Amino acid sequence: MNYSPFTDWLIQNGISAQTLELLVATTIVATIVSIFRYLFGTRSYGIYAPIILAIAYSFTGLKYGLSITLVVILISLISYSVLRKIRMHYITRIAINYCLLAIGLIAFIIVIKKYGLGLENISNVPALALISIAGLSDFFIKQFVQKSLKTSIMTLVSTVIVASVGWFIITRDYVSSYVINNLWILPLLIFVNLLIGQFKGLRIKDYFRFKSVLKEKDDDTKK
Amino acid sequence: MIQRSKYKDILGLNRRNQEYVRPYNSPSAKRLADNKIRTKKALAKEGIKTPEVYKLIRNKQQLKFLDWESLPKSFVIKPNQGTGGNGIIVFYGKKKGELAWIRPSGDIMTKNDIILHIENILDGRFSMGNKKDIAIFEERVKTDSLLKQYSYKGVPDIRVICFNGVPIMAMTRIPTKRSDGTANLHSGAICVGIDIATGITTYAMQMNTSSLLSDTYEDIETTQDLRENKPLRGIHIPDWDNILEIALKCQRVSKLGYIGVDIALDAEHGPIVFELNARPGLGIQVANKAGLRWRLEKVKDIEVGSIKKGIRLAKSIFGGEVEESIETISGRKVVTINEKVLVYHNTTKGKKEPEKEVGRAFMDTGVLTSRISEAFANRVGLISTTKYFNSLNVPKKFNSLKDAQEYIDNNVKTLTLEENIKRVAKIVDGEDVKVRPVVEVKVKISGEVKDIEAVIIEDSEYHLIIGRDELRGYLIDTTKTFRN
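First to last, the sequence lines map onto chains A and B.
Position 181 (the first sequence) corresponds to 469 in this note's numbering; numbering is contiguous.
Position 405 (the second sequence) corresponds to 450 in this note's numbering; numbering is contiguous.
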């Protein structure tokens, strides 16, 4: 691949092309998260979860990524529902959850290997990506405990949506090759975030949420 | 005039944080509001009541030595730095002879269950940033009987948002079966808007659980899951001015420029402050069907000296939702007891743009037929009529209604000769019985134009007195009696 002179210089000086690509991908997904949060009003498990998830998906592919996510959440849900009934400290409970998660994922891979189910390449999924997705369990349970199952599932869905959008953008070849050769994009992203950071208008979600207030204003002839 | 975009009336999360929470709520003030124990202490200094604390559990050691026998039958456990009502458990009663307490749902929690819950609180599971926390054993507020009838077991609270020393908007949150007796909107409690001026409830909503989008509400008219459901509009919150005053006092004490104060009405102690909120939610706009943003902007630059002035300002600027709402409930219009009216000139009937006079009218349910003062009648083109009638030399007063009727019967033709005089009427004015002419005038009251019959009387403090005949179909709001 031909790099721009500046990118070439960076690579010559010890930054691997993959590190560069991943770092740039992180900034892009981070910006996507802030756009989703402040312009659309989408809740996600912080900013770390969608970034890690998007990058993990870029290693696993969306199909494998989403199915692993589903399995992770199902196992967490079942294990936590049982564990919450046992009296113990919170962290120990989460630790047991991770043990069950590991067992569950091993079983899942074995089952897939045996029956296929359209995921025949599961063994090629990088382990680090798998573990990154498993980390979602922690976020999921925390919200389940603090708020409610419904809230946590809603947040999970939006986190996965945001991560999938991130995955889609960072895995486009033209995007990654363009960005890696045009690193002025990074200061541009800072600027974009500065702008979003100043945005005071309504989020898309607010329009739905306050629909009834707006409707009332239409009928109001007094004002 | 350019119409202000309706979206601009609404406060969204972005603007709330950037324009109100961050600039007006200092980190130290926020820390105070986020800490229930410190809040209680600060409020107590100013004489503001908060629920009584029975016990504080700061660590597992203290939990171990807790004297369970000394706990009352009903109490509440709260995390000191909890958010959004998480981790709060209410106990209604105690199981006889056992160390077990009953929750609003009927579930029973034993000593061991409660210990586990407190351990979770201490671990910071319900607290901001999962920091170590303190568990509070607190008095269970016993709801005032009025609000109690609308609520399923728990305690309804009243949220007042204040900004710059002015109460901006208010709502009450009513626990339901679905919310398991909590006033948490996300769990299904009902929110009802309150008119700031009168303390009367306006619109009621409940969060739509079937909707995939979180935070969407649906309009409701009555309570949902009580044995006998009651309408939620038009409830008069007792002690309203006192509630507003307490909310503003809390704002002063906490130094939060933008604050949500949660107040409950205790059957014995009256208004009692539950919580101060440095980042009050925006759902209150839905409950009131009104935007916060224009209200906040209206009071942004006003110098509000005293608490009383803040309340007065709020009442005159933001009051009034109730009038419309009562209209929708009863199909009746609301008029104030003193109302400005427009009276159309008699001589310009039929013209495209008739001349009008502004007059002060008094709504008087004590008289049947409306009255118009002679001077004002002259102004609206009835001068020839009054002149004619005065030229008849009708006796100034009669000894009895019977005499007056006799006089009318004998002179009816001359008395009604003038074209504008529809008939003559005998009226009681003070102690005198009089005979006066009745005319028809076109009047615009509360946006509605109608022809009314009015007796011309000699003099009156008001240009018009609107009598019972015309007040059918109106509700008279007496709260503004003494306002000019």
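Glycine included, C-beta positions come from ideal geometry on N, C-alpha and C.
In this text, all values refer to a predicted model and were calculated from it rather than measured experimentally.
Going along the chain, which residues of its own chain have a beta-carbon closer than 6 Å to the beta-carbon of residue i, five neighbours each way excluded?
i	result
residue 95 of chain B	85, 88 and 318
residue 46 of chain B	For residue 46 of chain B, the pLDDT reaches just 36, beneath the cut-off of 50, and the residue's location in the model is therefore unreliable, leaving the point undetermined.
residue 97 of chain B	184
residue 440 of chain A	428, 431 and 432
residue 154 of chain B	146
residue 302 of chain A	none
residue 507 of chain A	Note that residue 507 of chain A scores 46 on pLDDT, short of 50, meaning its location in the model is unreliable; the coordinates nonetheless yield the value given after this. Contacts found: none.
residue 511 of chain B	406, 408 and 415
residue 396 of chain A	359
Assuming residue i contacts residue j (C-beta within less than 8 Å), just tell me the rounded distance between them.
i	j	result
residue 455 of chain A	residue 342 of chain A	5 Å
residue 339 of chain B	residue 54 of chain B	5 Å
residue 407 of chain A	residue 352 of chain A	6 Å
residue 421 of chain A	residue 344 of chain A	5 Å
residue 201 of chain B	residue 188 of chain B	6 Å
residue 478 of chain B	residue 449 of chain B	5 Å
Keeping to the same chain, check which residues put their C-beta closer than 7 Å to that of residue i; ignore five residues upstream and five downstream.
i	result
residue 386 of chain B	404, 406, 488, 489, 490 and 509
residue 319 of chain A	477, 480 and 481
residue 76 of chain B	none
residue 400 of chain A	407 and 410
residue 303 of chain B	65, 66, 69, 70 and 208
residue 275 of chain B	194, 195, 267 and 268
Closest to residue i by CA distance: which of the options is it?
i	options	result
residue 300 of chain B	B:66, B:53 and B:56	B:66
residue 436 of chain B	B:345, B:411, B:219 and B:460	B:460
residue 262 of chain B	B:155, B:424, B:248 and B:165	B:248
residue 133 of chain B	B:114, B:199 and B:111	B:199
residue 363 of chain B	B:316, B:211 and B:222	B:211
residue 500 of chain A	B:161, B:52, B:129 and B:231	B:52
residue 401 of chain B	B:422, B:408 and B:414	B:422
residue 424 of chain A	A:383, A:489 and A:444	A:444
residue 472 of chain B	B:462, B:447, B:336 and B:494	B:447
residue 137 of chain B	B:129, B:146 and B:131	B:146
residue 298 of chain A	A:484, A:475, A:469 and A:502	A:469
residue 498 of chain A	B:334, B:326 and B:174	B:334
residue 268 of chain B	B:293, B:253 and B:235	B:235
residue 435 of chain A	B:283, B:129, B:152 and B:184	B:129
residue 265 of chain B	B:243, B:102, B:289 and B:233	B:233
residue 381 of chain A	A:364, A:391 and A:397	A:364
residue 151 of chain B	B:143, B:243 and B:135	B:135
residue 347 of chain B	B:177, B:168 and B:208	B:208
residue 459 of chain A	A:314, A:291 and A:300	A:314
residue 386 of chain A	A:354, A:375, A:461 and A:367	A:367
Looking at residue i: is its Cβ nearer than 9 Å to the Cβ of residue j?
i	j	result
residue 191 of chain B	residue 308 of chain B	no
residue 450 of chain A	residue 338 of chain A	yes
residue 330 of chain B	residue 56 of chain B	yes
residue 539 of chain A	residue 330 of chain A	Nothing about residue 539 of chain A can be read from this structure; chain A reaches only from 289 to 511.
residue 270 of chain B	residue 148 of chain B	no
residue 360 of chain B	residue 206 of chain B	no
residue 81 of chain B	residue 123 of chain B	yes
residue 306 of chain B	residue 204 of chain B	yes
residue 160 of chain B	residue 127 of chain B	no
residue 336 of chain B	residue 230 of chain B	no
residue 416 of chain A	residue 347 of chain A	yes
residue 466 of chain B	residue 434 of chain B	yes
residue 505 of chain B	residue 424 of chain B	no
residue 353 of chain B	residue 290 of chain B	yes
residue 521 of chain B	residue 414 of chain B	no
residue 453 of chain A	residue 324 of chain A	yes
residue 237 of chain B	residue 252 of chain B	no
residue 371 of chain A	residue 391 of chain A	no
Residues in the same chain with beta-carbon distance under 8 Å from residue i, minus the five sequence neighbours each way, listed in chain order, please.
i	result
residue 328 of chain A	491, 492 and 493
residue 156 of chain B	113, 144 and 145
residue 140 of chain B	146, 147 and 153
residue 514 of chain B	413, 414, 415, 497 and 498
residue 485 of chain B	465, 467, 496, 497, 498 and 499
residue 321 of chain A	332, 335, 338, 339, 450 and 454
Any heavy atom of the ligand ATP within a distance shorter than 8 Å of the CB on residue i?
i	result
residue 206 of chain B	Among the components modelled here there is no ligand, and therefore nothing to report on the ligand ATP.
- Task: Identify each residue in the stretch 51–67 of chain B for which the Cβ-Cβ distance to at least one residue of chain A is less than 8 Å, and report them in chain order.
- Result: Per Cβ criterion, the list reads 51, 52, 54, 55, 57, 58, 59, 60, 63 and 64.
- Task: Closer than 8 Å, Cβ to Cβ, to anything on chain A: give me those residues from the stretch 334–362 of chain B, in chain order.
- Result: 334, 335 and 336
- Message: Short of 9 Å Cβ to Cβ, which residues in the stretch 131–158 of chain B face chain A?
- Response: 131, 132, 157 and 158
- Compile a chain-ordered list of the residues in the stretch 260–271 of chain B whose CB is closer than 9 Å to at least one CB of chain A. Of all residues in the stretch 260–271 of chain B, 260, 261, 262, 263 and 264 have a Cβ within less than 9 Å of some Cβ in chain A.
- Taking Cβ-Cβ distances below 9 Å as the criterion, which residues of the stretch 416–442 of chain A are in contact with chain B? For the stretch 416–442 of chain A, the beta-carbon criterion of a distance under 9 Å to any beta-carbon of chain B is satisfied by 430, 433, 434, 435, 436, 438, 439 and 442.
- Message: Please identify, using Cβ separations under 8 Å, the residues of the stretch 479–493 of chain A that lie next to chain B, in order along the chain.
- Response: 486, 487, 488, 489, 490, 491 and 493
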